[in-house]
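316 is the number that our numbering gives the last residue of the sequence shown; the numbers go up by one with no jumps. Ideal Cβ placement from N, Cα and C applies to all residues, glycine included. In what follows, a single structure is set out as structure tokens and then discussed.
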Amino acid sequence: RKGTAVITGASSGLGLATAKALAETGKWHVIMGCRDFLKASRAAKAAGMDKDSYTIVHLDLASLDSVRQFVKNVRQLEMPVDVVVCNAAVYQPTAKEPSFTADGFEMSVGVNHLGHFLLARELLSDLQSSDYPSKRLIIVGSITGNTNTLAGNVPPKANLGDLRGLAGGLNGVGSSVMIDGGEFDGAKAYKDSKVCNMLTMQEFHRRYHEETGVTFASLYPGCIATTGLFREHIPLFRLLFPPFQKYITKGYVSEEEAGKRLAQVVSDPSLTKSGVYWSWNKNSASFENQLSEEASDADKAKKLWEISEKLVGLA
Ligand code: NDP
Numbered sequence: 002r003k004g005t006a007v008i009t010g011a012s013s014g015l016g017l018a019t020a021k022a023l024a025e026t027g028k029w030h031v032i033m034g035c036r037d038f039l040k041a042s043r044a045a046k047a048a049g050m051d052k053d054s055y056t057i058v059h060l061d062l063a064s065l066d067s068v069r070q071f072v073k074n075v076r077q078l079e080m081p082v083d084v085v086v087c088n089a090a091v092y093q094p095t096a097k098e099p100s101f102t103a104d105g106f107e108m109s110v111g112v113n114h115l116g117h118f119l120l121a122r123e124l125l126s127d128l129q130s131s132d133y134p135s136k137r138l139i140i141v142g143s144i145t146g147n148t149n150t151l152a153g154n155v156p157p158k159a160n161l162g163d164l165r166g167l168a169g170g171l172n173g174v175g176s177s178v179m180i181d182g183g184e185f186d187g188a189k190a191y192k193d194s195k196v197c198n199m200l201t202m203q204e205f206h207r208r209y210h211e212e213t214g215v216t217f218a219s220l221y222p223g224c225i226a227t228t229g230l231f232r233e234h235i236p237l238f239r240l241l242f243p244p245f246q247k248y249i250t251k252g253y254v255s256e257e258e259a260g261k262r263l264a265q266v267v268s269d270p271s272l273t274k275s276g277v278y279w280s281w282n283k284n285s286a287s288f289e290n291q292l293s294e295e296a297s298d299a300d301k302a303k304k305l306w307e308i309s310e311k312l313v314g315l316a
């Protein structure tokens, strides 16, 4: 039978390119979890995806109710869930003020981490009951959360501190809107959320890999300088960033190529190792990358897990 992959944020950029790459193999059906149904359906059509190769299900990660409803709706499709890809993200580098999810969490961490945390926890039982030979839960990471790399050292750097802001609810009411308790900084909030994504993947691996046989993985797909992720950046940045990445850092990767990389992590029979953070070298060969000290801190991962459970109502 075909595999079924749930991909969040499949209406543009990496998520769409991955959905397309998987659909084109004829071996995958993609459940596209998207907040804007019309945009997603137009994007899938424009990408030339066969209409039988995907199903769009509404998902707004900025609302825990929407995440729970999404899980119900996916179950009603009566398709197996073989792979889950947590891909959607918001990035607000120029925001002066924080914005908030329906549940009152600062938006970047609320969407990129907490919404996905609840989604992944809920869908784990569905993955468990699938009879697919290689079940996977993939959380897209980023180099920007790795302070052991050049790109990860561009200020403001990710730093979760002792997680006091998160423990306080990240709502700006009696607690900070930043995980480490500091002042709001949109670029840092995004990087922090990506560290959370990578810590969460490893904690899933430690808690559930042996018991469930599910492969947990994260990846840095390369710098996809053309995606909508940079839509809130200043125009000059958006003009100069793609050539800068192409010719100076040489980290540039097209949406199509990045989509193939993520599709590989979804489906390649050789990428079954769990607890791994994949990256690609200049020749586009995958390798297991090292994470920064903070992004591989097991105590922090455990603490993050426990606080996140409380915030999303699982504990
Ligand atoms: P895009 O902005 O193109 O895609 C992000 C997707 O997330 C969009 O489909 C967007 O939906 C969706 N999304 C945003 N907010 C929500 C929400 N509240 N609920 C549901 N969906 C939402 O960016 P990319 O493709 O670049 O980013 C995809 C992933 O890749 C992210 O995890 C990012 O961190 C990661 N990444 C990107 C890099 C890059 O260089 N671009 C580098 C490293 C990692 P909509 O279409 O409705 O806006």
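Give every residue of the same chain whose Cβ lies closer than 7 Å to the Cβ of residue i, excluding the five residues on either side of it in the sequence, and list them in chain order.
| i | result |
| --- | --- |
| Ser54 | Ala24, His30, Val31 |
| His234 | Pro94, Thr95 |
| Asn282 | Phe288 |
| Leu17 | Ala11, Ala44, Ala48 |
| Ala22 | Gly260, Lys261, Ala264 |
Among residues of its own chain, excluding the 5 on either side of residue i, which ones have a beta-carbon nearer than 6 Å to its beta-carbon?
| i | result |
| --- | --- |
| Tyr92 | Tyr191, Leu230 |
| Ala1 | Shown here, the chain extends from 2 to 316; a query on residue 1 therefore has no answer. |
| Leu62 | Ala89, Val112, Gly116 |
| Asp104 | Leu65 |
| Arg72 | Strictly speaking, residue 72 in this sequence is Val, with Arg absent from that position. For Val72, where only same-chain residues beyond five positions count, the Cβ hits under 6 Å are Glu123. |
| Gly169 | Ser176 |
| Glu204 | Ala302, Trp306 |
| Asp83 | Gly4, Thr5, Ser131, Tyr133, Lys136 |
Helix, strand or coil: which one does DSSP assign to residue i?
| i | result |
| --- | --- |
| Thr228 | coil |
| Thr213 | helix |
| Leu200 | helix |
| Ile249 | helix |
| Ser194 | helix |
| Leu315 | coil |
| Gly183 | coil |
| Gly162 | coil |
| Met171 | According to the sequence shown, residue 171 is Leu rather than Met. Coil, per DSSP. |
| Ala22 | helix |
| Ala11 | coil |
| Gly4 | strand |
Which residue wins for smallest C-alpha separation from residue i, given the options the options?
| i | options | result |
| --- | --- | --- |
| Lys3 | Lys40, Pro81, Arg36, Val110 | Pro81 |
| Trp294 | Asp37, Glu79, Gly162, Leu65 | First, the amino acid is wrong: residue 294 is Glu here, not Trp. Of Asp37, Glu79, Gly162, Leu65, the residue nearest in Cα terms is Gly162. |
| Val75 | Leu65, Asp61, Ile57 | Ile57 |
| Ser135 | Gly111, Val112, Met199, Val215 | Val215 |
| Lys97 | Lys40, Lys189, Ser131, Ala152 | Lys189 |
| Leu315 | Lys52, Asp66, Ala6 | Asp66 |
| Glu85 | Leu125, Asn284, Ser100 | It is worth fixing the name first, because residue 85 is Val in this sequence and not Glu. The option with the nearest alpha carbon to Val85 is Leu125. |
| Lys52 | Asn154, Ala41, Glu107 | Ala41 |
| Leu60 | Met33, Ala22, Asp298 | Met33 |
| Val1 | Val110, Thr9, Pro99 | Any property of residue 1 remains undetermined from this structure, which presents the chain solely from 2 to 316. |
| Gly187 | Ser109, Leu171, Thr26, Gln77 | Ser109 |
| Ala299 | Cys197, Lys247, Thr5 | Cys197 |
| Lys311 | Leu171, Lys247, Lys28 | Leu171 |
| Asn284 | Lys251, Arg239, Val313, Ser268 | Lys251 |
CB of residue i to nearest heavy atom of the ligand NDP: below 8 Å?
| i | result |
| --- | --- |
| Asn147 | no |
| Ile308 | no |
| Glu256 | yes |
| Phe231 | yes |
| Pro244 | no |
| Asn154 | no |
| Asn74 | no |
| Cys224 | yes |
| Thr116 | One detail in the question is off: residue 116 reads as Gly in this sequence, not Thr. Yes - the ligand NDP has a heavy atom lying nearer than 8 Å to the Cβ of Gly116. |
| Ala89 | yes |
| Thr201 | no |
| Ala121 | no |
| Ser221 | Checking the sequence shown, residue 221 turns out to be Tyr, not Ser. Because some heavy atom of the ligand NDP lies under 8 Å away, the Cβ of Tyr221 counts as near it: yes. |
| Val112 | yes |
| Gly16 | yes |
| Leu315 | no |
| Ala11 | yes |
| Tyr278 | no |
| Ala47 | no |
| Arg36 | yes |
| Ile144 | yes |
| Thr228 | yes |
| Tyr133 | no |
| Val196 | no |
Only counting the same chain, and skipping five residues up and downstream in sequence, which positions put a Cβ closer than 8 Å to that of residue i?
| i | result |
| --- | --- |
| Leu15 | Asn88, Val141, Pro222, Ile225, Thr228, Glu256, Ala259, Gly260, Leu263 |
| Thr201 | His114, His117, Phe118, Ala121, Ile140, Ala302, Leu305, Trp306, Ser309 |
| Asn149 | Gln291, Leu292, Ser293, Glu294 |
| Leu241 | none |
| Leu164 | Ile180, Asp181, Lys301, Lys304, Leu305, Ile308 |
| Leu78 | Ile32, Thr56, Val58 |
| Phe245 | Ala226 |
Q.
Please give me, in chain order, every unbroken run of the beta strand (DSSP E) with length at least 3 that falls completely inside the region 27–80.
A. 29–35, 55–59
task = Please go through the region 70–154 and give each complete alpha helix (DSSP H) segment of 4 or more residues, from N-terminal end onward.
result = 117–130
- request: At 4 residues or longer, and completely inside the region 251–313: list those alpha helix (DSSP H) runs for me, N to C.
  value: 256–268, 299–312
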